[in-house]
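Sequence lines, in order, name chains U, B, P and R.
Quick note: numbering that gives the first Met the number 0 has the first sequence finishing at residue 386, numbered continuously throughout.
Quick note: numbering that gives the first Met the number 0 has the second sequence finishing at residue 386, numbered continuously throughout.
Quick note: numbering that gives the first Met the number 0 has the third sequence finishing at residue 386, numbered continuously throughout.
Quick note: numbering that gives the first Met the number 0 has the fourth sequence finishing at residue 386, numbered continuously throughout.
No residue lacks a Cβ here, since even glycine has one placed at the ideal position from N, Cα and C.
Keep in mind it's a predicted model, so treat the numbers as computed, not measured.
4 protein chains.
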Amino acid sequence: MIATDTILDFFLQTRKHTEDICIPLETEDYVVQPVVDVSPPKWHLGHTTWFFEEFILKKYVPGYKLFNDDFSFVFNSYYETVGKRVIRSDRGNLSRPGVSQVYEYRKYVTKNLEHFITEKELSDEIHNLIEIGIHHEKQHQELLITDIKFILGNNPLLPEYSSDFKENPIENFQREWIHIPEGVYEIGHNDNTFCYDNELGRHKVFLHDFEISNKLVTNKEYIDFIEAGGYQAFYLWHAEAWDWVNQKNIKAPLYWHKIEEEWYQYTLSGLKKVILDAPVTHISYYEAFAFSQWKGLRLPTEFEWEASQAYFKWGSRWEWTESAYSPYPGYEKADGALGEYNGKFMVNQKVLRGGSVATSNHHTRHTYRNFFHPYLQWQFTGLRLAK
Amino acid sequence: MIATDTILDFFLQTRKHTEDICIPLETEDYVVQPVVDVSPPKWHLGHTTWFFEEFILKKYVPGYKLFNDDFSFVFNSYYETVGKRVIRSDRGNLSRPGVSQVYEYRKYVTKNLEHFITEKELSDEIHNLIEIGIHHEKQHQELLITDIKFILGNNPLLPEYSSDFKENPIENFQREWIHIPEGVYEIGHNDNTFCYDNELGRHKVFLHDFEISNKLVTNKEYIDFIEAGGYQAFYLWHAEAWDWVNQKNIKAPLYWHKIEEEWYQYTLSGLKKVILDAPVTHISYYEAFAFSQWKGLRLPTEFEWEASQAYFKWGSRWEWTESAYSPYPGYEKADGALGEYNGKFMVNQKVLRGGSVATSNHHTRHTYRNFFHPYLQWQFTGLRLAK
Amino acid sequence: MIATDTILDFFLQTRKHTEDICIPLETEDYVVQPVVDVSPPKWHLGHTTWFFEEFILKKYVPGYKLFNDDFSFVFNSYYETVGKRVIRSDRGNLSRPGVSQVYEYRKYVTKNLEHFITEKELSDEIHNLIEIGIHHEKQHQELLITDIKFILGNNPLLPEYSSDFKENPIENFQREWIHIPEGVYEIGHNDNTFCYDNELGRHKVFLHDFEISNKLVTNKEYIDFIEAGGYQAFYLWHAEAWDWVNQKNIKAPLYWHKIEEEWYQYTLSGLKKVILDAPVTHISYYEAFAFSQWKGLRLPTEFEWEASQAYFKWGSRWEWTESAYSPYPGYEKADGALGEYNGKFMVNQKVLRGGSVATSNHHTRHTYRNFFHPYLQWQFTGLRLAK
Amino acid sequence: MIATDTILDFFLQTRKHTEDICIPLETEDYVVQPVVDVSPPKWHLGHTTWFFEEFILKKYVPGYKLFNDDFSFVFNSYYETVGKRVIRSDRGNLSRPGVSQVYEYRKYVTKNLEHFITEKELSDEIHNLIEIGIHHEKQHQELLITDIKFILGNNPLLPEYSSDFKENPIENFQREWIHIPEGVYEIGHNDNTFCYDNELGRHKVFLHDFEISNKLVTNKEYIDFIEAGGYQAFYLWHAEAWDWVNQKNIKAPLYWHKIEEEWYQYTLSGLKKVILDAPVTHISYYEAFAFSQWKGLRLPTEFEWEASQAYFKWGSRWEWTESAYSPYPGYEKADGALGEYNGKFMVNQKVLRGGSVATSNHHTRHTYRNFFHPYLQWQFTGLRLAK
């Protein structure tokens, strides 16, 4: 657990970082929602604020006055416990509250929470809630960046977000296969630092011996797959993946454009030539799997990944694993609305491990379990091979 | 035909009026598209500008430099002749070009067209094109107002557009039935003022004698219909209308809310009690028809309307007619892209006659034929009965 | 009105004719519903029987015992007045009642109605109801043939219905343009023989002078249209027709197959080469309209067709007209459930005039108004040009 | 491996058993496909036959003459390797080939394969292929029964399949919790009898200690869940399950009807009162999971199930597990078309263990892994609790 003065700093830095991410945006960029999975930046700003208001200020500050009674309706994401909400696909239809009003809302809630933290001693329960709220906002920082990329990258004008944003760190070392011996391994969070409920409880798994690459698959290797006809070879794909490829006419990772026989990709610093040595990104689980099939190899499970992670560098890409998102043995979901945080998504999703260029500081750890539907490409998702 | 100095005034006033309509908007309001039929205000501003650039400046001004090469793609509405375009349902997904850039685009094109009009004598053809462009922009002014209403009226905060906007003029006179005798009537535009191609050619129709109300149906009468169970009585509705009522769960005109047993409606000046004596509005053709069935009466045809319009006041509501939108005998569509203006919509739509509080000056005339799909409610649509 | 012995004959012949149409079918052919607009033959057999049971026997025969209480639910088509029913898209999901049970149902109702007709004098009202029931069954005979064609013609084995069925009568005469002078014409049914409510009331229309072809458009002419790129030329099509062409990937009339550079069509006597001189058929209104645009001509209105029909042969094809399906002046729909027969379809449909090779005897007349959605191709629909 | 004379018997018995299942059907029942997941019985008869023709006779019998060249197109299920096929949702639209022709097809292929088996010594490869074909047909026998139930159970007449079919065996013993100690367990097929590729390779898993019920959940317990408001309590459900419940308006297991305050269920022997002591069935994974949440318990994983199965009776219900369907370590898919048998479905499906009243003899074993989408109810699916 974090000391009170530290948590205040952590809170204020996190709040500020969210706003820093938005500095390059024009007002209009805050509003749109090109597909249902991508939320308007304005909504992220409001929702992370509402989280603190709803779960802490409203409950624990006597006489707290809501900034605006309608905001619970507007900024609730998926908490059925809390009541009615704007349906997800409608978030991009709301021009009001306006961006400046949302920033006022942020200021109001930040200030009130600052008071609350400094005024009197926090119970452990409240302390924990604040910590969850901070990590919740960090999760949304990641989504904010990937959603901004989608909003700009699907605009025909392909506007730049920031010329400074470095998306494609290269792994400058040789591929090697790390061998991990057969045995029982401990999996899950095991100290008293923050983690989500889905990382608990710590438990044992038996792993047969396996090898895992020290390096992510590169753009160069992925282009080889494309050029070898990977997207036309049904036998490499899951049945539903093959439907997806054909219905959506998928031929390359998201944001890739073929211009005069060369591959370009939209990045947050604009349209650039694909860097061959950089790790491939913006691929779905379906694509990661098909690529591994083509190589005659496979994706690691999340347990294999966790057991071997100390032997390789990670953190620039979310890495698809073969594991479906399921509860660990002994998983217990939290009471009340926060119990909706993780558990209710534990079906039909795949686990990702690692982190990415969009992930905030203090928000990666080797036990962290991200999860997405297997068709999604808009995160900075890549793959590492195993055998 | 209009004299050169007059057309310049007309052009500049029209351009300015479009922008005046947008004065109450916040930047965010320009961007969203809550349903496919409603375009973002920003798009209307750009599209009406693109029309002048594409059909006049680009063709007739030697060396004219496009403001931005990508704007044709962004702001083309439905002109297949002109090339690729953003699909209609994606207009609300574009945060760029931003609002201020769109205003610069307007200024650039307005200035260039002003030069063009004043510099040298205009041929009749060009003169006509400019006149079409002006009327095209006036049509979009109407859509702009109704789209703004939809954007604000579907926001849970129900923001006001302008406290000055008067939506509900009352017809302060008694209902009377105007009798029109049987005979052959001339229909269609018949002088040399501006009209659209769909108002031509002037032709004869035989009308049996009929009676038409001098007054639009009021909110009071429509509430009677609701309370008598009109929305539950299948035999009043067309088969496809009945499906629509049930699938969309329609129970009242658009923008109506029942709050503590009383009817309210969202108006551009905010949420107000329904004014009982004002004409009903925001109803679909389906609803207009069902209401007329319930009364044991019917809607007039567009020919009956045109033949009798001199005997009643009109212009505050678009009035649904029984007539399907079809070409007049002798209809000839224009050559090239402008031939796509009207003719290609002449199937599965119903004709509306009149005008509304959203209609700009000089844009109503008794031969004007508006047309919409029978399920649409977002225009200021009402009905007048006949028998 | 028809004399009692005549109506009995007429009734029995009609009942028999329906069953004769089904002689070539295998049991399995009675069951399937490949698209929602096509009903299983079994359903037609039951529904036409239910009509007599529901509207006559149940009401007017004291102590009449329903053949099966559940059949009203199964065989009601769209009569909301009568109560719940199997939804239309589910008709092909019902394996029971079986075909032989449906034939027993027919026998039972036919016998009971025969008794009823012969036992005692019929009131005019009942007489009319029986006449409607007979004509209703004749309408379904036409649908039965076209639905059978669809069921067999969409089967990859392309089975033959009957080698005797002649689908493609040739009009062996030269094209001529019939000139009809301007004037007021009387339209609608005008004697005391049977007609549907939508053919009444007889009324006057003014027609400008026009010319109409004495001959239907041929397959040869239609192939010219295809080869000239008609299906790729957006400017010939309505906006919604163009969407239809592209979404459904339409490239020719229904049932046409291009095999080794030659056009074949599935007919009820099997797959045959397209007969160049025969009238084109199985085209939608959209296609008929686009063809007429390509020719620089137009479709006649239903009034023009009716006013000129005496000057040309018709009856082998349903002919699309430009007219939307609307009520005639003075149209009054029948009371009760039979009021649902026609009126509730009077929106978004186009009128067809004529008749086809699938139309039963005594079921064509020059005032008859058929109507279908403009995208449908499965009837024997063709076109005649006007100018 | 099975001896030649034994495999012939096994083959012939299996072929006969498929046909025996169909004895109670009327011809019409063979044809329909009420939902896309349910195939017409005729199709199962043809497809299991095509499997032998395509993978054995066509390849290994010199000069073998296909029964009908079009049948590969009609009866291929999902083997992309083999070529084009009728899309799955169209299977119920095919009235031809007729039922009797399909039986002739069966006879022809059975006879040819019988010859082939007896004529000369079979290589191991061919022997294995025949064995797979037999097991493939047994799998379809199960589907055949559940599909027949769906076809009849969704018919408003609720026809009986066979009064002899016993659906609801009761487990006549007390509930007890079996305790399984922590440790490493071996999972997967481990002798030389037949199994599918997805049951290999045998591997080790570590299990924490757990308890598992010796008894399936009963109808009585499930009714308690319903009456306690389980279908209205969002916090018991996965997020996508909750959408499913609301969109489909699910309120009870499939085939359950509440009639005058009592629960009935359609069974293959007709509509019956729900037997309270029998195991609940026809529930989706979503429902099984929500029920377990309501109990404060959980579903076992497939590994827990396999490790403990010797301690309880199973085989009357397919049992949902918590495990997503994934490859075992060392899984290798077969070459060619048979490689499409299992592997390509290993995403977004849940594993079921056990067997059911619809499962054929010799087709259950404790390593068998069935798998379905989590929303499906049409199998005889139940649940066993763990903690």
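Original post:
Nearest to residue 182 (chain B) by CA position, among P:203, P:192, P:174 and P:162, is which residue?
Top reply: Closest option to residue 182 (chain B), judged by alpha-carbon separation, among P:203, P:192, P:174 and P:162: P:203.
Original post:
Between the stretch 196-209 of chain P and chain B, which residues of the former have a C-beta closer than 7 Å to a C-beta of the latter?
Top reply: For the stretch 196-209 of chain P, which is checked against every Cβ of chain B, the residues closer than 7 Å are 202, 203, 204, 205 and 207.
Original post:
For residue 253 (chain U), which residues from the same chain have a beta carbon less than 7 Å from its beta carbon, with the 5 sequence-adjacent residues on both sides left out?
Top reply: Exclusion of the five residues before and after residue 253 (chain U) leaves 281, 376 and 377 as the residues of its chain whose Cβ lies within less than 7 Å of its Cβ.
Subject >> C-alpha gap between residue 323 (chain P) and residue 345 (chain U), whole angstroms >> reply: So the two alpha carbons sit approximately 53 Å from each other.
**OP:** Give a yes or no on whether 9 Å exceeds the smallest Cβ distance from residue 30 (chain R) to chain P.
**Re:** True, the Cβ-Cβ gap to chain P drops below 9 Å.
**OP:** Buried or exposed for residue 15 (chain B), please, with buried defined as at least 16 other CB atoms from any protein chain shown within 10 angstroms of its CB.
**Re:** Sixteen is the threshold: since fewer than 16 other Cβ atoms of the shown chains lie within 10 Å of the Cβ of residue 15 (chain B), the residue is exposed.
**OP:** State the CB to CB distance for the pair residue 141 (chain B) and residue 358 (chain B), rounded to an integer number of angstroms; the pair is presumed to be in contact (CB under 8 Å).
**Re:** About 5 Å separates the beta carbons of residue 141 (chain B) and residue 358 (chain B), which is inside the 8 Å limit, making them a contact pair.
Subject >> Continuous alpha helix (DSSP H) assignments of at least 4 residues falling wholly in the stretch 153-238 of chain U >> reply: Runs found: 218-226.
**OP:** Please check if any C-beta of chain B sits within less than 9 Å of the C-beta of residue 306 (chain P).
**Re:** It does not: the Cβ of residue 306 (chain P) has no partner Cβ on chain B nearer than 9 Å.
**OP:** Could you give the DSSP three-state label for residue 369 (chain U): helix, strand or coil?
**Re:** In the structure shown, the three-state DSSP call for residue 369 (chain U) is strand.
Original post:
Name the DSSP bridge partner or partners of residue 256 (chain U)?
Top reply: According to DSSP, residue 256 (chain U) bridges with U:263.
Original post:
Along the chain, where does the alpha helix (DSSP H) that runs through residue 73 (chain B) open and close?
Top reply: For residue 73 (chain B), the enclosing alpha helix (DSSP H) starts and ends at 70-74.
Original post:
What residues in its chain sit with their C-beta under 6 Å from that of residue 250 (chain P), if we drop five residues either side in the sequence?
Top reply: So the list reads 230, once near-sequence residues are dropped.
**OP:** Under 8 Å Cβ to Cβ from residue 219 (chain R), same chain only, skipping five residues before and after it: list those, please.
**Re:** These residues qualify, in order along the chain: 275 and 276.
Subject >> Per DSSP, cross-strand counterpart(s) of residue 47 (chain B) >> reply: Residue pairing by DSSP places residue 47 (chain B) in no beta bridge whatsoever.
Subject >> Exposure label - residue 198 (chain R); buried when at least 16 CB within 10 Å >> reply: Label assigned to residue 198 (chain R): buried.
Subject >> Test: residue 4 (chain U) CB closer than 9 Å to a CB of chain B >> reply: Answer no: the Cβ-Cβ gap between residue 4 (chain U) and chain B never drops below 9 Å.
Original post:
Using a Cβ-Cβ distance under 9 Å, would residue 189 (chain U) count as near chain R?
Top reply: It does not: the Cβ of residue 189 (chain U) has no partner Cβ on chain R nearer than 9 Å.
Original post:
If we call anything under 9 Å between Cβ atoms a contact, is residue 374 (chain R) one with residue 283 (chain R)?
Top reply: Yes, they are a contact pair.
**OP:** Determine which residues share a DSSP beta bridge with residue 318 (chain R) and list them.
**Re:** Residue 318 (chain R) pairs with R:352 and R:381.
**OP:** Could you work out which residues of chain P lie near residue 153 (chain R), taking near to mean beta carbons separated by less than 9 Å?
**Re:** Chain P residues near residue 153 (chain R): 89, 92 and 93.
Original post:
Are residue 49 (chain P) and residue 70 (chain P) closer than 9 Å when you measure CB to CB?
Top reply: The answer is yes: Cβ separation under 9 Å.
**OP:** In angstroms with no decimal places, state the Cα-to-Cα distance between residue 128 (chain U) and residue 54 (chain U).
**Re:** Going from the Cα of residue 128 (chain U) to the Cα of residue 54 (chain U) covers about 8 Å.
Original post:
Which residues, in order along the stretch 310-341 of chain R, keep a beta-carbon less than 8 Å from a beta-carbon of chain U?
Top reply: Cβ proximity to chain U below 8 Å picks out 321, 322, 323, 325, 326, 328, 329, 338 and 339 from the stretch 310-341 of chain R.
**OP:** For residue 62 (chain U), count neighbouring Cβ atoms within 10 angstroms of its own Cβ and tell me buried if that reaches 16, exposed if not.
**Re:** It counts as exposed.
Original post:
Are residue 363 (chain B) and residue 194 (chain B) close, meaning C-beta to C-beta below 9 Å?
Top reply: The Cβ-Cβ distance between residue 363 (chain B) and residue 194 (chain B) does not fall below 9 Å.
**OP:** Can you tell me which of the three DSSP states residue 95 (chain B) falls into?
**Re:** DSSP places residue 95 (chain B) in coil when its eight states are reduced to three.
Original post:
Roughly how far, in whole angstroms, is the beta-carbon of residue 336 (chain B) from the beta-carbon of residue 81 (chain B), given that I think they are within contact range, below 8 Å?
Top reply: About 6 Å separates the beta carbon of residue 336 (chain B) from that of residue 81 (chain B), a gap short enough to meet the 8 Å contact definition.
Original post:
residue 272 (chain U) bridges to which residues according to DSSP?
Top reply: In the DSSP output, where bridge partners are listed per residue, residue 272 (chain U) has U:263.
Original post:
What separation, rounded to the nearest whole angstrom, lies between the Cα atoms of residue 261 (chain P) and residue 272 (chain P)?
Top reply: Taking the straight line from one Cα to the other gives about 8 Å.
Original post:
Whose C-beta lies closer than 7 Å to the C-beta of residue 117 (chain U) among residues of the same chain, with five residues either side of it excluded?
Top reply: Once the five neighbours on either side are set aside, the close Cβ partners of residue 117 (chain U) are 7.
Original post:
Of the residues P:228, P:334, P:257 and P:160, which one's Cα is nearest the Cα of residue 267 (chain P)?
Top reply: Ranking P:228, P:334, P:257 and P:160 by Cα distance to residue 267 (chain P) puts P:160 first.
**OP:** Pull up the distance between the alpha-carbon of residue 292 (chain B) and that of residue 178 (chain B), whole angstroms please.
**Re:** Residue 292 (chain B) and residue 178 (chain B): Cα-Cα distance of roughly 20 Å.
**OP:** Pull up the distance between the alpha-carbon of residue 326 (chain P) and that of residue 342 (chain P), whole angstroms please.
**Re:** Taking the Cα positions, residue 326 (chain P) is about 7 Å away from residue 342 (chain P).
Original post:
Where do the ends of the alpha helix (DSSP H) carrying residue 285 (chain B) lie?
Top reply: Start and end: 284-293.
**OP:** Classify residue 2 (chain P) as helix, strand or coil using the three-state DSSP reduction.
**Re:** Assigned with DSSP and collapsed to three states, residue 2 (chain P) falls in coil, not helix or strand.
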